[in-house]
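Residue numbers (our numbering): 557 to 809. Worksheet for the structure shown next.
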Amino acid sequence: MPDAISHPDPTLDMPRLDTSTSFRGLAYAALKRAITAMDIYDHAHEIRLDERRLSEGLGVSRTPIREAMTLLEQEGFVRTRPRRGIFVIRKTKREIVEMITVMAALESMAARLAAERACDADIAELHGLMDAFRGDGNSQSNGGERLAEYSDANIAFHQAIIRMSGCALLAEMTENLFIHMRAIRKITIHQDNRAARSITDHMRIIEALERRDPEAAERLAREHTLGLAAHVEQHGDFLDATRDDAVFHRSGP
557 MPDAISHPDP TLDMPRLDTS TSFRGLAYAA LKRAITAMDI YDHAHEIRLD ERRLSEGLGV
617 SRTPIREAMT LLEQEGFVRT RPRRGIFVIR KTKREIVEMI TVMAALESMA ARLAAERACD
677 ADIAELHGLM DAFRGDGNSQ SNGGERLAEY SDANIAFHQA IIRMSGCALL AEMTENLFIH
737 MRAIRKITIH QDNRAARSIT DHMRIIEALE RRDPEAAERL AREHTLGLAA HVEQHGDFLD
797 ATRDDAVFHR SGP
């Protein structure tokens, strides 16, 4: 029997890892999360991002920070001002009203699809989210802590409606709008007893979802979000006022 032919061991064809790209991706994700979580309209300052402090906080060199900033600028989260630095973008009152109007169209379609597609368990979770705050009456009288809790629940409600639509494109289209929508909802929920009215609106939307009534769910979601647009139109002059710049840095990844 002939001797077995010797073959070299197989090797994996793997390109070298681009660690700078990995660090850029990690820095981008961390910065985007931090910016999204900020209350960028809760004060009149424009928020400047300090590259050195961000580098130190994230434990990476300045190169991936700069690369991440370029991506964030392309997506409309930040802008570079020559000789001044990089700033988190704040929308004007007019821009915010237009954004909310667009969001009303997207959220109302999401509610319509949710009425048709969402499972009973998801709708029940929405109910539980709001049940915790029903009967609060005038939420302004329940203290800042309770109102802050509802603010978070309010944001979770709107995120859930988008998710329950089962439409990936709707989620994609609303992702970068949400940084501003979240911030505006968070600050306006403290104004003009909007929390109590918000709870009422949300319960009506939930009831339409439970009835599997897409027309009602769509209409109620649209009216609810357009109500926010009307509120900002009336009370949103603070959006066009700015004072000195505030410097922001994230303390960790």
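We put the CB at the ideal spot given by N, CA and C, even for glycine.
Worksheet item: Does DSSP put residue 717 in a helix, in a strand, or in coil?
Response: Position 161 of the sequence shown, counted from the first residue, corresponds to residue 717. Residue 717 falls in the helix class under three-state DSSP.
Discussion item. Considering Cα atoms alone, identify which of 632, 704 and 604 is closest to residue 750.
Written reply: The residue you call residue 750 lines up with position 194 of the sequence shown. Residue 704 is the option with its Cα nearest to residue 750.
Worksheet item: Exposed or buried, which one is residue 650 when buried takes at least 16 other CB atoms within 10 Å?
Response: Counting from 1 along the sequence shown, the entry for residue 650 is found at position 94. Per the 10 Å Cβ criterion, exposed.
Item to complete: Pick helix, strand or coil for residue 605, following the three-state DSSP scheme.
Response: Residue mapping note: residue 605 aligns to position 49 of the sequence shown, counting from 1. Three-state result, residue 605: strand.
Worksheet item: What do you reckon, are the CB atoms on residue 745 and residue 633 nearer than 8 Å?
Response: Counted from its first residue, the sequence shown places residue 745 at position 189. Counted from its first residue, the sequence shown places residue 633 at position 77. Contact flag unset, no.
Item to complete: Give the straight-line distance between the Cα atoms of residue 687 and residue 676, rounded to the nearest whole angstrom.
Response: Counted from its first residue, the sequence shown places residue 687 at position 131. Counted from its first residue, the sequence shown places residue 676 at position 120. Whole-angstrom Cα-Cα distance: 16 Å.
Discussion item. Can you tell me whether residue 730 is buried or exposed? The criterion is at least 16 other CB atoms within 10 Å of its CB, across all chains shown.
Written reply: For the purposes of this step, residue 730 is taken as residue 174 along the sequence shown, with counting starting at 1. By the 10 Å Cβ count, residue 730 comes out buried.
Worksheet entry | Neighbour-count burial assignment, residue 777, 16 or more Cβ in a 10 Å radius | Position 221 of the sequence shown, counted from the first residue, corresponds to residue 777. Per the 10 Å Cβ criterion, buried.
Practice prompt. With a cut-off of 8 Å on the beta carbons, I'd call residue 785 and residue 667 a contact; round off their distance for me.
Written response: As a first step, residue 785 must be located in the sequence shown, where it is residue number 229. As a first step, residue 667 must be located in the sequence shown, where it is residue number 111. Rounded, the Cβ-Cβ distance is 16 Å, inconsistent with contact.
Worksheet entry | CB contact flag (residue 616, residue 583, <8 Å) | Walking along the sequence shown from the start, residue 616 turns up at place 60. Walking along the sequence shown from the start, residue 583 turns up at place 27. Yes, Cβ-Cβ distance for residue 616 and residue 583 is below 8 Å.
Discussion item. Three Cβ pairs or more, each shorter than 8 Å: is that satisfied between the stretch 623 to 633 and the stretch 583 to 597?
Written reply: yes
Fill in: Buried versus exposed, by CB contacts within 10 Å (16 or more), residue 764
Start at 1 with the first residue of the sequence shown, and residue 764 comes out as number 208. When all chains shown are included, residue 764 counts as buried.
Worksheet entry | Reduced DSSP secondary structure (H/G/I, E/B, other) of residue 634 | As a position in the sequence shown, residue 634 is number 78, starting the count at 1. Note: residue 634 maps to strand in three-state DSSP.
Fill in: Residue span of the alpha helix (DSSP H) that contains residue 643, given as start and end
Translated into the one-based positions of the sequence shown, residue 643 becomes position 87. First-last for residue 643: 641 to 644, but that is the beta strand (DSSP E), not the alpha helix (DSSP H).
Fill in: Cα-Cα separation, residue 678 to residue 743
Position 122 of the sequence shown holds residue 678. Position 187 of the sequence shown holds residue 743. The alpha-carbon atoms of residue 678 and residue 743 are separated by roughly 27 Å.
Worksheet entry | residue 781, DSSP secondary structure in three states | Locating residue 781 in the sequence shown gives position 225, where the first residue counts as 1. Note: residue 781 maps to helix in three-state DSSP.
Worksheet entry | Beta-carbon contacts of residue 673 that lie in its chain and below 6 Å, excluding the five residues immediately before and after | Position 117 of the sequence shown holds residue 673. So the list reads 722, once near-sequence residues are dropped.
Worksheet item: What separation, rounded to the nearest whole angstrom, lies between the Cα atoms of residue 725 and residue 797?
Response: One-based indexing of the sequence shown puts residue 725 at position 169. One-based indexing of the sequence shown puts residue 797 at position 241. Residue 725 and residue 797: Cα-Cα distance of roughly 34 Å.
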